[in-house]
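>
Protein chains: 2
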Amino acid sequence: MADNELILLDLWDSPFAMRVRIALDEKGIPFKSKEQDLEEKSPLLLQMNPIHKQVPVLIHNGKPISESLIVVQYIDEVWYNRSPLLPSDPYQRASMRFWADYVDKKVYNTGKKIICGIGEEVEIAKHELIAILKTLEGELGENHFFAGHTFGYVDVSLIPFYSWFYLYEKLGKFSIELECPKLVNWAKRCMEKECVSKNLPDELKVHDHIVELKNTGKYK
Amino acid sequence: MADNELILLDLWDSPFAMRVRIALDEKGIPFKSKEQDLEEKSPLLLQMNPIHKQVPVLIHNGKPISESLIVVQYIDEVWYNRSPLLPSDPYQRASMRFWADYVDKKVYNTGKKIICGIGEEVEIAKHELIAILKTLEGELGENHFFAGHTFGYVDVSLIPFYSWFYLYEKLGKFSIELECPKLVNWAKRCMEKECVSKNLPDELKVHDHIVELKNTGKYK
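These protein sequence lines are chains A and B, in that order. Heads up: the first sequence is residues 63 to 282, going by my numbering. Heads up: the second sequence is residues 63 to 282, going by my numbering.
Next up, the structure:
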């Protein structure tokens, strides 16, 4: 293992860190998680990700990789013969990258507006999030997973947010299951996979923690 | 050519569209450019990119690919044996993806604040852009191109903005060459490549066009 040491600078409720844990576990690659404190960033985090100073950072034999979707692609390229996450066809790869990028650009930031918004802003953000999730539900169609039969890159990018759905629902006063029943069924299918269920934290814990951070001005 | 028809939904002064043209020309792949009017979006654009409704869209044998960095990766994967843009080593690939993503997240939006900002906002955005370009200059180091000796993915992602530098400089009242001389030397090296020089519009034309759009409330 000396020439394949993997350390993950991690955070239990970060959807971005969850992506990396899910990808590693799906491929059965052992790693050591080092939980980070974003209030007081460790010298290791600042050294390994001086540009964004954020989790997750995967450190492979001393060399850091950051930005979660880039890390997931790295994992898929290094261990390409174990449960591939991206298909081999360039067009399908481009399509999967497009949807993971869509998740990346839309879900977290819109959810944040539900969490931090005031009055009318919350209502607008809620409708925005529903529209985004309905778009994703449309793309999923009748598929088992986003790429078809097998769990892959878009699933990895989106499923962590399932552990934040309860938070969005409570603060936005709505039901994602009522709005997007097929997407929630997809999430439940993903949860049948051990790599997902073991890496998604309890939704109540996520809710309580983020609400606490918000109330103390630490959720930004 | 019937089974390899390439149409680019294009825009002459879009740095994102330029990326795709540069990548195709670097590989010597013929394509047909269809200039788009973003004021009055064509049915073809709306059909081919219903999610973002933006250029560029590369239509390969009738199938659309959008989001410029995803398109460039697609081109690199389909025509992988002609002037590869991404290196083959997974760590180097991740590193190149990181920096292209950095360019994507930072340069255009910060430049926009220089263009659209009022008073103090312009000054703040100017210092932000200088810091971003200095970070990129640091990453370039003494290299000829970002990946070393050969023109590649990060160069493709950043060089289009060279045609917008004059615009930023005029509106922000500063000189990028004075702040980042090595980065400007890199840009000049890129301009010696035909795939770059033929695809970057005249900086005065870019300036006049964007200022006109801004003054008529059409640059958003």
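Don't be surprised by glycine CBs; every beta carbon is placed ideally from N, CA and C.
#1: Go ahead and pull the three-state DSSP assignment for CYS195/B.
#2: Which residue or residues does DSSP assign as beta-bridge partners of PHE207/A?
#3: Using a beta-carbon distance below 9 Å, is ASP264/B in contact with chain A?
#4: Would you report the Cα separation of ALA249/B and TYR224/B, rounded to the nearest angstrom?
#5: Starting from VAL119/A, follow the beta strand (DSSP E) in both directions and report where the run begins and ends.
#6: Mapping the DSSP letters down to three states, classify SER150/B as helix, strand or coil.
#7: Could you tell me whether the Cβ of HIS122/A comes closer than 9 Å to any Cβ of chain B?
#8: How close, in whole Å, do the beta carbons of ILE176/B and ALA187/B come, if the pair is a contact with beta carbons under 8 Å?
#9: Taking all protein chains shown into account, decide if PRO77/B is buried (16 or more other Cβ within 10 angstroms of its Cβ) or exposed.
#10: Residues of the stretch 146-157 of chain B with a CB closer than 7 Å to any CB of chain A: list them in chain order, please.
#11: Beta-carbon of VAL216/A versus every beta-carbon of chain B: anything under 9 Å?
#12: At least one CB of chain A closer than 9 Å to the CB of ILE127/B: is that the case?
#13: I'd like to know whether the C-beta atoms of SER145/B and LYS89/B end up nearer to each other than 9 Å.
#14: Would you mind sorting THR172/A into buried or exposed? The rule is 16 or more other CB atoms within 10 Å of its CB.
#15: Which residues, taken in chain order from the stretch 98-113 of chain B, show a beta carbon closer than 9 Å to some beta carbon of chain A?
#16: Look at the Cβ atom of SER104/A, then the Cβ atom of ASP72/A, and state whether they are nearer than 9 Å.
#17: Listed in chain order, which residues of the stretch 160-193 of chain A have Cβ atoms closer than 8 Å to some Cβ of chain B?
#18: Thinking C-alpha only, which one of PHE160/B, ILE192/B, LEU86/B, GLU274/B is nearest TYR136/A?
#19: If you draw a straight line from the alpha carbon of PRO92/A to that of TRP74/A, how long is it in whole angstroms?
#20: For LYS89/B, name the three-state secondary structure that DSSP assigns.
#21: Starting from ASP72/A and walking both ways along the beta strand (DSSP E), at which residues does that stretch end?
#22: What does the Cβ neighbour count give for GLN58/B, buried or exposed, with the cut at 16 atoms within 10 Å?
#23: Please determine, among GLU274/A, LEU275/A, GLU129/A, the residue with the shortest C-alpha to C-alpha distance to SER219/A.
#24: Using the Cβ count rule (16 or more neighbours within 10 Å means buried), how would you classify ALA64/A?
#25: So with Cβ pairs under 9 Å, would you call GLU139/A a contact of chain B?
#26: Within 9 Å of any Cβ in chain A, is that where the Cβ of ILE69/B sits?
#27: With a threshold of 9 Å between beta carbons, is ILE91/B in contact with chain A?
#28: Tell me the residue span of the alpha helix (DSSP H) that contains SER219/A.
#29: So with Cβ pairs under 9 Å, would you call LYS135/B a contact of chain A?
#30: Counting contacts by CB-CB distance shorter than 9 Å, is THR197/B in contact with chain A?
#31: Is there at least one Cβ from chain B nearer than 9 Å to ILE272/A's Cβ?
Reading off the structure:
#1: Residue 195/B is actually Leu in this sequence, not Cys. Three-state result, LEU195/B: helix.
#2: Answer is GLY210/A.
#3: It does not; no Cβ of chain A falls within 9 Å.
#4: The alpha-carbon atoms of ALA249/B and TYR224/B are separated by roughly 7 Å.
#5: First-last of the beta strand (DSSP E) with VAL119/A: 119-122.
#6: If DSSP states are grouped into helix, strand and coil, SER150/B belongs with coil.
#7: Contact with chain B is found for HIS122/A, since one of that chain's Cβ atoms lies less than 9 Å from the residue's Cβ.
#8: Sure, about 5 Å apart at Cβ, within 8 Å.
#9: In the assembly as shown, PRO77/B is a buried residue. Its beta-carbon has 16 or more other beta-carbons within 10 Å.
#10: For the stretch 146-157 of chain B, residues whose beta-carbon sits nearer than 7 Å to a beta-carbon of chain A comprise PRO152, TYR153, ARG155, ALA156.
#11: Output row for VAL216/A: interface = no.
#12: Flagged as an interface residue toward chain A: ILE127/B, by a C-beta distance shorter than 9 Å.
#13: In this structure, SER145/B sits near LYS89/B, with a CB-CB distance shorter than 9 Å.
#14: When all chains shown are included, THR172/A counts as buried.
#15: The stretch 98-113 of chain B vs chain A, Cβ under 9 Å: ILE113.
#16: No, the Cβ-Cβ distance between SER104/A and ASP72/A is not below 9 Å.
#17: Taking 8 Å as the Cβ-Cβ cut-off, the stretch 160-193 of chain A approaches chain B at PHE160, ASP163, TYR164, given in chain order.
#18: Answer by Cα proximity: PHE160/B.
#19: For PRO92/A and TRP74/A, the distance between alpha carbons rounds to 17 Å.
#20: The three-state secondary structure of LYS89/B, taken from DSSP, is coil.
#21: Here the beta strand (DSSP E) through ASP72/A covers 68-72.
#22: This structure cannot settle anything about residue 58/B, because the visible part of chain B is limited to 63 through 282.
#23: Nearest C-alpha to SER219/A: GLU129/A.
#24: Because the pLDDT at ALA64/A is just 44, under 50, the model does not fix this residue reliably, and the value given afterwards should be weighed accordingly. Counting Cβ neighbours within 10 Å, ALA64/A comes out exposed, since fewer than 16 surround it.
#25: Yes, GLU139/A lies at the interface with chain B (some Cβ there is under 9 Å from its Cβ).
#26: Chain A, which has no Cβ nearer than 9 Å to the Cβ of ILE69/B, makes this no.
#27: No, no contact with chain A.
#28: Bounds of the alpha helix (DSSP H) holding SER219/A are 215-220.
#29: The sequence given here places Gln at residue 135/B; Lys does not occur at that position. Closer than 9 Å to some Cβ of chain A, the Cβ of GLN135/B qualifies, so yes.
#30: Yes, because at least one Cβ of chain A sits closer than 9 Å to the Cβ of THR197/B.
#31: With a threshold of 9 Å between beta carbons, ILE272/A makes no contact with chain B.
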